[in-house]
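Residue numbers for the sequence shown follow the numbering used here, so the first one is 9 and each next one is one higher.
We put the beta carbon where it would ideally sit given N, CA and C, even for glycine.
Notes follow the structure.
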Amino acid sequence: MMRFSGLCSAIVLVVVSGVAQAAQEGWALFDKVQHAVKQYNFDTSFVVLKGGNADTYRWIHGVKDQQEIEHLIPLDTNGVDILRRNALVYYLLTDKPAFVTHGNSIPELPALLFEDKATITQLYNAVAGSSSVMSGRSAQLLRLTAKEGGRYHYWLWLDAETGFPLRIDTLSAQQNALERWLVTHMQISAEFPETLQAVLVAELPEPATVTAQTVPVSAHKLTWLPQGYHQVEEPAEFPQLADSLLSYWLLSDGLHQVSVFVQDSNRLPTQAFRDGATTIYVQTEEQLEITVIGPVSIETARQLAAAVR
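Written as structure tokens, this is what we have:
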């Protein structure tokens, strides 16, 4: 009996050790991919697939003279060029002044590539998967599995040599692919990209000083939050909704953001849509219309709308 008990203890130790090693390997891969997108000079193209739509982009990045510069160029006609130099992000609009904001990454790129690792480790477990070949390159799978229900999972395929992301799938809790980010061309170089040379010395505008505004105080309250989320104290404003917005909350778990809007009812039926990984849920009541927008399940969006009092 004692021999059997000792054998069981040994097996448990081996399993625990194996899990710990897998986690260590997974987070090492995560460090590698975050290093690649922040420290390498590269010129790459990628496509974002969601639903029946495909959006294509060119992404150029370089580091020189203690400056980090990147340029995101839509290859579709309806996109906006986005430029980042260090901690300023510029939206280059046709026939209009550039819109400038603060940021250490371009928000339109996958957030998990840039978010602080401490935040990611609170939300996800990291496990290294199998190797495969992708676009002619050896790729290593990294699975980020949500620790809590109702949050999406991520599968990343990294270039085995450089750690550069080749593909990112956003998966539902049922492991269904909701959105796919896929590199179609990648060139990493020791040299700073020639196309970014002019940006090093270009005079670019500073962010405009904006007077802080707040949503008018109302009697509405949000009585429930998804696990791991908190309310952002000073969310961005929506001038286009100023005349109709009764209440507004912005929620964040450190990686994802969810918006909850309250407006007067238009007496439309309650509806739910999904744009890739983004859920748009509109709940209509007799007097109010509550809209929830963000990367959460339809059920979580429904619970948020029901929590408005």
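From the options, residue whose alpha carbon lies closest to that of residue i
| i | options | result |
| --- | --- | --- |
| I176 | V41, A314, L258, Q32 | V41 |
| Y48 | V97, D73, A198, D103 | A198 |
| D63 | P82, I128, L120, S252 | P82 |
| R156 | S143, Q279, R145, A181 | For clarity, residue 156 is Glu in the given sequence; the question names Arg instead. Among S143, Q279, R145, A181, the Cα nearest to that of E156 belongs to A181. |
| L263 | Q205, P277, A106, T127 | T127 |
| V304 | Y237, L164, L166, N274 | Y237 |
| L57 | V270, L186, I68 | L186 |
| T231 | L259, S252, P243, L253 | L259 |
| P280 | Q311, Q75, Q235, Q74 | The amino acid at residue 280 is misidentified as Pro; the sequence shows Ala. Nearest option by C-alpha distance: Q311. |
| I77 | L212, E242, L233 | L212 |
| S143 | A314, N61, V207, T192 | T192 |
Residue i versus residue j - alpha carbon distance
| i | j | result |
| --- | --- | --- |
| V316 | V209 | 50 Å |
| E294 | P215 | 42 Å |
| S6 | V240 | The first residue shown for the chain is 9 and the last is 317, placing residue 6 beyond what the model contains. |
| V20 | Q29 | With a pLDDT of only 49 at V20, under the threshold of 50, the placement of this residue in the model should not be trusted; the figure read from the coordinates follows. Between V20 and Q29, the C-alpha separation is close to 14 Å. |
| A106 | R93 | 14 Å |
| I298 | Q205 | 47 Å |
| P115 | I90 | 10 Å |
| R188 | T178 | 6 Å |
| V141 | Q195 | 17 Å |
| L3 | F269 | Limits of the chain in this structure are 9 at one end and 317 at the other, which puts residue 3 out of reach. |
| F38 | Q75 | 23 Å |
| D124 | Q271 | 35 Å |
| R145 | T129 | 28 Å |
| T102 | E33 | 46 Å |
| G59 | N184 | 12 Å |
| T219 | S252 | Note on T219: pLDDT 48, under 50, position unreliable in the model; the coordinate value appears next. About 20 Å. |
| H228 | D261 | 22 Å |
| Y65 | G87 | 9 Å |
| A119 | G70 | 19 Å |
| A147 | D84 | 28 Å |
| G302 | L131 | 17 Å |
| N274 | N61 | 29 Å |
| F50 | W257 | 38 Å |
| K104 | L276 | 36 Å |
| I306 | A314 | 12 Å |
| T203 | K72 | 13 Å |
| V22 | K46 | Bear in mind that a pLDDT of 46 at V22, under 50, signals an unreliable position, so the model cannot answer this. |
Contact under 8 Å by Cβ, residue i with residue j
| i | j | result |
| --- | --- | --- |
| V266 | V300 | yes |
| L121 | P173 | yes |
| A154 | Y160 | yes |
| L149 | Y162 | no |
| T52 | W35 | no |
| L190 | F54 | yes |
| G171 | A44 | yes |
| L117 | L164 | no |
| T308 | T292 | no |
| G158 | P234 | yes |
8 Å Cβ cutoff, residue i in contact with chain D
| i | result |
| --- | --- |
| V300 | Among the chains in the structure shown there is no chain D, since it carries only a single protein chain. |
Kindly provide the ranges of any beta strand (DSSP E) runs that are 3 or more residues long and lie completely inside the stretch 162-230, ordered along the chain.
Annotation note: the stretch 162-230 contains the following uninterrupted beta strand (DSSP E) runs of length 3 or greater, listed N- to C-terminal: 173-179, 185-197.
Is it a yes or a no for the stretch 278-289 touching the stretch 133-146, going by three-plus beta-carbon pairs under 8 Å?
At 8 Å Cβ cutoff, the stretches do not touch.
Ordered list of alpha helix (DSSP H) runs contained in the stretch 71-153, each at least 4 residues
Listed in chain order, the complete alpha helix (DSSP H) runs (minimum 4 residues) inside the stretch 71-153 are 125-131.
Do the stretch 106-113 and the stretch 85-98 make contact, defined as three or more Cβ pairs closer than 8 Å?
The way I'd put it, the stretch 106-113 does touch the stretch 85-98; three or more beta-carbon pairs between them come closer than 8 Å.
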